[in-house]
Amino acid sequence: MLISRFIFFSANRRLARAPNLLQRFGPSKRIQSCGYVKSAKNNYKKPTSHPVMNVETQSSRSWSAYVIPAALLGFGGLVAFLHYNDERRAIKKGQGNNRGYGAVAAPIIGGPFTLVNTENQIVNEQDFLGNWVLLYFGYTSSPDIGPDQAQMMAEAIDTLESKENLKVLPVFVTIDPQRDTPAQLRAYLKEFDPRIVGLTGPVSAVRQMAQEYRVFFRKVEEEGDDYLVESSHNMYLLDPKMKVVRFFGLEYNAEELSKEILKELKKHQPKAE
Amino acid sequence: MMLEAYAAGKRDEIHTDVLLKARQACYKARDAFYSCLEMQSDKKPTEIGSVGLLYPTECKRSRDEYVMNCRASWVKHFDRQYCKTKRTQRLLDDRETRRGV
């Protein structure tokens, strides 16, 4: 027991001396601390004189003696762990990203749908496989944006077909199925382009498709039967496998749209061949 | 299934007031009304349109044309848009007259 006490004491002496050195700028403090340390030392040299106090100071000191080595060990462990993690995650020079920049690192938008077209036939996404599709969610009662977008779609499709001989199928899905019957869609879309496929259906089917394509729509300014539909205006370009490749917002006009679609098609051509 | 019922049951009613001709008539009436507003901008607006748009009595006739040719929700939509552009225009124009803004 005496040996253990001696070890503690030597450790404590080291600790006691360190704060001593640090307090060099406070002369009064130094004297004070010196006195304190000296008295403690004296105490320890006479183990039998104050046994109770010795034990008390010993236990508190022993706990504080373990703090710094433990902290150092913990810090060392943390550094070692981080280093190991870095080594594991590091990509060696030269390997890099094998997928290339063409891969779309985005949430998968799109999915199966079943709707009714303007000829009152039931259509689902299988019927569009193998075609490039330009998909727009709109409604016939739109005051200005809907007609503009539909016109732009028609113009872009026209440009692509006449100049580049590329067939892209335009599809107009109505987000207002209660008012847009197939006949209504047919009359509306006929004025823009006979190639545009119109799709409608029961409200639940349209809502499901809109959810898959992350399209937001809401009725506003409702006055009985007369309302507008607020929606996130986006035009989706789908590849022949019905995967969303790109979407276009409102800021595109017909030429830019056709140019962008051309770019996407050209990018996907080498893969197809 | 619901879809078959839908395909079979819908009647063939078409809202013709959103087709091309009606749309163009609406746009023309709307533009006429707004140009009237611009011309009479110095007169005091006493009549109330929708969504807070005020217009002077001189433009009442074109207003009636406009309202007749377009749907009510469209009228509100266009009026709101017009007020917004007017407001931003005013803010942009006032840059010279106001100091420290």
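Note that the protein sequences, when read in sequence, are chains A and B.
The numbers in numbering that gives the first Met the number 0 rise by one with no breaks, and the one at position 261 of the first sequence is 260.
The numbers in numbering that gives the first Met the number 0 rise by one with no breaks, and the one at position 80 of the second sequence is 79.
Using N, Cα and C, we set each Cβ at its ideal position, and we do this for glycine too.
In this text the structure is predicted, and so the values were computed from the model without any measurement.
Endpoints, beta strand (DSSP E) assigned at residue i
| i | result |
| --- | --- |
| Arg217(A) | 216-222 |
| Leu90(B) | Run containing Leu90(B): none in the beta strand (DSSP E); it sits in the alpha helix (DSSP H), 71-92. |
| Gly197(A) | 196-199 |
| Ile121(A) | 121-123 |
| Leu237(A) | 234-237 |
| Ser230(A) | 225-230 |
| Pro169(A) | 167-173 |
| Tyr212(A) | Premise fails: Tyr212(A) is in no beta strand (DSSP E) and is neither H nor E. |
| Arg178(A) | First-last for Arg178(A): undefined, no H or E at that position. |
| Phe136(A) | 131-137 |
| Phe246(A) | 243-247 |
Chain B contact residues for residue i, given Cβ-Cβ distances below 8 Å
| i | result |
| --- | --- |
| Arg178(A) | His14 |
| Tyr187(A) | Val17, Leu18 |
Per-residue contacts from residue i into chain A (C-beta, under 7 Å)
| i | result |
| --- | --- |
| Ala71(B) | Glu222, Asp225 |
| Leu52(B) | Chain A residues near Leu52(B): none, gap ~15 Å exceeds 7 Å. |
| Lys75(B) | Glu220 |
Buried/exposed call for residue i, threshold 16 Cβ in 10 Å
| i | result |
| --- | --- |
| Pro201(A) | buried |
| Ala17(A) | Note on Ala17(A): pLDDT 47, under 50, position unreliable in the model; the coordinate value appears next. By the 10 Å Cβ count, Ala17(A) comes out exposed. |
| Leu249(A) | exposed |
| Lys83(B) | exposed |
| Trp62(A) | exposed |
| Met67(B) | exposed |
| Pro146(A) | buried |
| Phe80(A) | exposed |
| Pro111(A) | exposed |
| Phe74(A) | exposed |
| Ala69(A) | exposed |
| Arg87(A) | exposed |
| Tyr83(A) | exposed |
Residue i, enclosing alpha helix (DSSP H) - first and last residue
| i | result |
| --- | --- |
| Thr113(A) | Here Thr113(A) belongs to no alpha helix (DSSP H); instead the beta strand (DSSP E) covers 113-116. |
| Pro146(A) | 144-158 |
| Pro55(B) | From DSSP, Pro55(B) is part of no alpha helix (DSSP H); its letter is neither H nor E. |
| Tyr26(B) | 19-38 |
Contact set between residue i and chain B, taken where Cβ atoms lie within less than 7 Å
| i | result |
| --- | --- |
| Ala155(A) | Neighbours of Ala155(A) on chain B: none; closest Cβ ~19 Å, over 7 Å. |
Near the ligand GTP: residue i beta-carbon under 7 Å from a heavy atom
| i | result |
| --- | --- |
| Cys82(B) | Looking for the ligand GTP in the displayed structure turns up nothing, as the structure carries no ligands at all. |
The stretch 211-222 of chain A contacting the stretch 123-132 of chain A, beta-carbon criterion three pairs below 8 Å: no
Pull out every residue of the stretch 132-146 of chain A whose Cβ sits closer than 7 Å to any Cβ of chain B, in chain order. Thr139, Ser140, Pro142, Pro146
Measuring CB atoms only, is the stretch 23-35 of chain B touching the stretch 203-211 of chain A, in the sense that at least three cross pairs come out at less than 8 Å? no
If you measure beta-carbon to beta-carbon, which residues of the stretch 225-253 of chain A are closer than 9 Å to chain B? Asp225, Tyr226, Leu227
Three CB pairs or more closer than 8 Å across the stretch 182-202 of chain A and the stretch 143-157 of chain A: yes
What are the residues in the stretch 18-51 of chain B lying within 7 Å of chain A by C-beta distance? Leu18, Leu19, Arg22
Quick one: any contact between the stretch 69-88 of chain B and the stretch 38-47 of chain B, if contact means 3 or more CB pairs under 8 Å? no
Interface positions of the stretch 190-203 of chain A facing chain B (Cβ-Cβ less than 9 Å), listed along the chain: Glu190, Phe191, Thr199, Gly200, Pro201, Ser203
Is the stretch 49-65 of chain B touching the stretch 167-176 of chain A in the sense that three or more CB pairs, one from each, lie closer than 8 Å? no
Evaluate contact between the stretch 159-172 of chain A and the stretch 252-261 of chain A, counting only Cβ atoms and requiring at least three cross-stretch pairs below 8 Å. yes
Hey, is the stretch 113-123 of chain A in contact with the stretch 226-241 of chain A, meaning 3+ C-beta pairs nearer than 8 Å? no
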